[in-house]
Amino acid sequence: MEKKYETAIGLEIHVELSTKTKIFCSCPASFGEEPNTNICPVCTGMPGTLPVLNKKAVEYAIAVGLGTGCSITQYSKFDRKNYFYPDNPQNYQITQLYMPICTKGTLEIETKGGVKHISIREIHLEEDAGKLFHDQETHSSFVDYNRSGIPLIEIVTEPQMENGEEVIAFIKKLKFIIQYLGASDCKLQEGSMRVDVNLSVREAGIKELGVRTEMKNLNSFKAIERAIEGERERQQKILSQGGRIIQETRRWDDEKGLSFAMRGKEDAKDYRYFPDPDLAPLLISNEWIEEMKERQPEFRTEKIARYKREYSIPDYDIEWLTENKYLADFFEKTAELCRNPKKAANWIMVETMHLLKEKEMEPKELKYSPENLAKLIGMVDKKVINGDKAKEVFAHMFEQNTDPEKYVEENGLKAVRDERILQEAVEEVIAGNPKSVEDFIRGKEKVLGFFVGQTMKVLKGRGDPERITQLLKERLKEGL
């Protein structure tokens, strides 16, 4: 009889915090700068330098802890994790092993298998290392210390997930919480969120966990799912053949669909941890915790539930809008002002996103205001301008936050509503296209669209298409 196996997955997720400066010095924590330009004696490990803790990094860690239901450790310490690697200039990393800042949290996830609660063992603060670059042509290696000293939190879960679907659901839920807090942008592709997967396989029914392997720095949801499935199959095959799993760190190659051993998995004793002598214990008062609780935003789960109660818009729109807190807040303000949630959602989801993508901008870089978008929606509703002209106005508004009412007035874009002018335009088009009139009379009603387009052209795009269509139908039917 073929043996059945169970999979246990735990995660270690590193998140770069959105502080302006590094965790223990005043160097900028910005991304994408020229190599080795955001560095100083502290973050490059020069002898005799002393670290000074960044308060904002601590606040972000507390905020994420509260957002994930953790207990906040009011007396915590920093430790040194000793190891040598070229991108680690101090030969140790300042982290928290013995007294992490947050412990015992939980996140509720929902998959096809139902609702499940995943326990968070701890969240601790630490500093990031530098980054190595390997030039295959010259067989040379270079190191950039700009990232050295960037503040991180590491979220460590219990091994309670069983498949890739649960893992992705957990990461997405965590990602939204952190983004809503403004603690990080959590961009997997840029490395501001890095996921390590600890996976073990055991025979079904056995309580004791199997030997785990760790796959490091997976940078996309697709890679995470494929790596989990690939490692699960690899371990299951070894066990089914009577082999033994080796505890090790492995690298996932997403192109080949295979994982490769990197090194044996270390234990805490291998790093010779000890309390950092240069940093005083971190004391977090009850008042500070209460202040951070008051700053907690309405998270995505609660926002989705409220949108379903308050707005008559499809679930798809709600899911889409709430994926980005900035856009969700922008939508709420616009909907409040124009009193038309559906149209507010459409302008944000379609026109705004089209231009953001075209110009490679982030939502927080939007220049135009909810007030001006609400004005534009109102002008379309009142038929002051038609839909085509509204898009023209929006393009200018997107670039310069132009007041749409002033722009329409100054550029003569108001819709033509004078019945006499509309009638004259319709007559002109009908008189100039006798063959198309005959086609319509013979039953080719699709030609009506041609007549509408020609009439709009006569009116320089400022007509009301609905009224023009109505007038054309009335006039053409007279010839039947």
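Here the sequence shown is numbered in the numbering used here, starting from 1178 and rising by one per residue. For each residue, glycine too, the CB sits at the ideal point set by N, CA and C.
Next item on the list: Using 10 angstroms around the beta-carbon of Asp-1492, count the other beta-carbons present and answer buried if the total reaches 16, otherwise exposed.
Entry: exposed
Check: For Cys-1279, does the three-state DSSP call read helix, strand or coil?
Finding: strand
Checklist line | Beta-carbon proximity list for Ile-1271, same chain, < 6 Å, skipping 5 on both sides | finding: Phe-1255, Glu-1304 and Asp-1453
Check: Candidates Phe-1476, Glu-1467 and Gln-1424: which alpha carbon is nearest Lys-1352's?
Finding: Phe-1476
Notebook entry, point to check: Going by the C-beta, is Gly-1242 closer than 7 Å to any heavy atom of the ligand ATP?
Noted result: With respect to the ligand ATP, the structure shown offers nothing to examine, as it has no ligands at all.
Item checked: Residues that Lys-1308 bridges to, as DSSP identifies them -> Asp-1321
Item checked: Where Asn-1268 falls: helix, strand or coil (DSSP) -> coil
Checklist line | DSSP state of Tyr-1484 mapped onto helix, strand, coil | finding: helix
Next item on the list: Please confirm if the segment 1257-1277 is in contact with the segment 1290-1297, defined as three or more CB-CB distances below 8 Å between the two stretches.
Entry: no
Check: Is it a yes or a no for the segment 1191-1211 touching the segment 1411-1431, going by three-plus beta-carbon pairs under 8 Å?
Finding: no
Checklist line | Inter-residue CB distance, Ile-1345 and Phe-1398 (contact presumed, cutoff 8 Å) | finding: 5 Å
Item checked: Local conformation of Asp-1453 per DSSP, three classes -> coil
Check: Excluding sequence positions up to five away, which residues of its chain have a Cβ less than 6 Å from the Cβ of Asn-1265?
Finding: Ala-1306
Item checked: Endpoints, the beta strand (DSSP E) within which Ser-1377 is located -> 1370-1380
Next item on the list: In angstroms with no decimal places, state the Cα-to-Cα distance between Met-1469 and Ser-1377.
Entry: 37 Å
Next item on the list: Note the first and the last residue of the continuous beta strand (DSSP E) segment covering Ala-1185.
Entry: 1182-1193
Item checked: Coarse secondary structure for Gly-1359, derived from DSSP in three states -> coil
Notebook entry, point to check: Any idea if Gly-1242 is buried or exposed, counting beta-carbon neighbours within 10 angstroms, 16 or more meaning buried?
Noted result: buried
Check: With a Cβ-Cβ cutoff of 8 Å, do Met-1530 and Asp-1494 count as a contact?
Finding: no
Next item on the list: Could you pull the start and end residues of the beta strand (DSSP E) that Asp-1430 belongs to?
Entry: 1425-1430
Note to self: In this structure, how does DSSP classify Ile-1345 when only helix, strand and coil are distinguished?
What the structure shows: helix
Margin query: Taking the alpha-carbon of Val-1333 as reference, which of Lys-1281, His-1294, Glu-1285 and Leu-1365 has the nearest alpha-carbon?
Written below: Lys-1281
Note to self: Taking the straight line between their C-alpha atoms, what separation do you get for Gln-1273 and Val-1235?
What the structure shows: 12 Å
Next item on the list: Can you give me the start and stop residues for the beta strand (DSSP E) that Lys-1258 sits inside?
Entry: 1256-1259
Item checked: Leu-1456 versus Gly-1222 - alpha carbon distance -> 15 Å
Check: Terminal residues of the continuous alpha helix (DSSP H) containing Glu-1331?
Finding: Here Glu-1331 belongs to no alpha helix (DSSP H); instead the beta strand (DSSP E) covers 1328-1334.
Note to self: So for Met-1574, helix, strand or coil by DSSP?
What the structure shows: helix
Checklist line | Sequence-distant residues of the same chain with beta carbon closer than 7 Å to Leu-1395, five excluded per side | finding: Val-1372, Val-1374, Ile-1401, Ala-1404 and Trp-1429
Check: Among Lys-1384, Lys-1534 and Ile-1327, which has the Cα closest to the Cα of Ser-1124?
Finding: The structure shown does not extend to residue 1124, since the chain spans only 1178 to 1657, so no value can be given for it.
Next item on the list: Can you give me the Cβ contacts of Lys-1544 inside the same chain, cut-off strictly under 8 Å, excluding the 5 residues immediately before and after it?
Entry: Phe-1575, Glu-1576, Gln-1577 and Asn-1578
Checklist line | Where Val-1585 falls: helix, strand or coil (DSSP) | finding: helix
Check: DSSP state of Pro-1228, grouped into three classes?
Finding: coil
Check: What residues are listed by DSSP as bridge partners for Pro-1458?
Finding: None, per the DSSP bridge assignment.
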